[in-house]
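**Student:** Protein chains in written order, with the numbering used here: chain A, 121 to 247; chain B, 121 to 247. Cβ coordinates follow ideal geometry from the N, Cα and C atoms, glycine included. Note that the structure is a prediction, hence the values are computed from the model and not measured.
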DNA sequence: ATGGTCCTTCCAGCTTGTGGAAGGTCAAGG
DNA sequence: CCTTGACCTTCCACAAGCTGGAAGGACCAT
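1) Counting only Cβ pairs nearer than 8 Å, list the residues of chain B close to residue 223 (chain A).
2) Please check the pair residue 214 (chain B) and residue 224 (chain A), which I expect to be a contact at CB under 8 Å, by giving their CB distance rounded to whole angstroms.
3) Beta-carbon of residue 126 (chain B) versus every beta-carbon of chain A: anything under 8 Å?
4) State buried or exposed for residue 179 (chain A), treating a residue as buried only when at least 16 other CB atoms are found within 10 Å of its CB.
5) Tell me which same chain residues have a C-beta within less than 8 Å of the C-beta of residue 184 (chain A), skipping the five on either side of it?
6) Which stretch, first to last residue, makes up the alpha helix (DSSP H) that contains residue 241 (chain B)?
7) At 8 Å on the CB atoms, spell out the chain B contacts of residue 172 (chain A), in chain order.
8) Would you kindly report the start and end of the unbroken alpha helix (DSSP H) that includes residue 217 (chain A)?
9) Within its chain, find whatever has a CB closer than 7 Å to the CB of residue 239 (chain B); leave out the 5 residues flanking it on each side and keep chain order.
10) So the candidates are A:155, A:188, A:143, A:176; which of them puts its Cα closest to the Cα of residue 121 (chain A)?
11) Along the chain, where does the alpha helix (DSSP H) that runs through residue 140 (chain B) open and close?
12) List the whole-angstrom C-beta distance separating residue 246 (chain B) from residue 164 (chain A), where the pair is believed to meet the contact cut-off of C-beta under 8 Å.
13) For chain B, find out if any of its Cβ atoms is closer than 8 Å to the Cβ of residue 187 (chain A); answer yes or no.
14) In the structure shown, what three-state DSSP assignment does residue 146 (chain A) receive?
15) Given this structure, state the Cα-to-Cα distance separating residue 217 (chain B) from residue 226 (chain B), to the nearest angstrom.
16) Using a threshold of 8 Å, state whether the C-beta atoms of residue 233 (chain A) and residue 197 (chain B) are closer than that.
17) Should residue 127 (chain B) be labelled buried (16 or more other beta-carbon atoms within 10 Å of its own) or exposed?
18) Let me make sure I understand the geometry here. Which of B:152, B:173, B:125 has the alpha-carbon closest to that of residue 140 (chain B)?
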């Protein structure tokens, strides 16, 4: 398979696939003309990557997940630990974002939003 | 005031303050020796920036907020509109992050996390 | 004079791609 | 056989928002 075909099948743009190749997440073979040739296994890895990235795992974590995936002697506890760390980070982000949201919503609530210059939002920022 | 002092007072590291200078968010005067000299007004802007950034406003939005802040003829509706757009973006992020969290938590839940290699998390990613 | 702590600029890197330019390759149609 | 268009390649630059480090002055106390 060529890059655009595997792109369609994996749901990743060719640019991203080349990038994943550059950083060693995949190692497709090369044709005599220099074109990348993708096997079913490469496609599989790319689809795996797309889903892991969609869950918010970092590229480094994806690397580890792929390694675990290909390690027949893995312990599921290792995978679970990785996922738990990631979940903790997501929870922290949710926390921070939620705090921002509350503050911001309060400020918006208190602002008249009319033609006058007086604004509690700016007043708070300049506090 | 020198950069380290204004750094302490504003809560921003000197590196960040230099960066804000580079991108034109502040324009401190210069001493004959080339050192930046910060006025009360510069400090004020920096503190404003720190709080706006803490609320998640982008640097570009901070620029607009500062412009509005210094514009005596502003309408509070302009500030409110800016804040509302930002709130919408935060809500979208919360939505996406929440979806990730649910999926990830389900997967973690379903994984035994023992010595065996069998793992629903990997199975889902490889689906 | 020396040492330690400031200050300056500039360059590089982080993360995860995206956009574009320059140039080689391939397949189809005239 | 030649041209055209759609591929493919590499490389460079940019995005946000800093952060770290190196090299070189400046200032202050001893």
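**Tutor:** Reading from the atomic positions:
1) 175
2) Not really, about 12 Å apart at Cβ, beyond 8 Å.
3) Look at residue 126 (chain B): its C-beta is not under 8 Å from any C-beta on chain A.
4) exposed
5) 202
6) 240 to 245
7) 245
8) Its alpha helix (DSSP H) spans residues 196 to 230.
9) Only 231 meet the Cβ criterion.
10) A:155
11) Going by DSSP, residue 140 (chain B) is part of the alpha helix (DSSP H) stretching over 134 to 142.
12) 7 Å
13) no
14) coil
15) 14 Å
16) yes
17) buried
18) The residue with the shortest Cα to Cα distance from residue 140 (chain B) is B:173.
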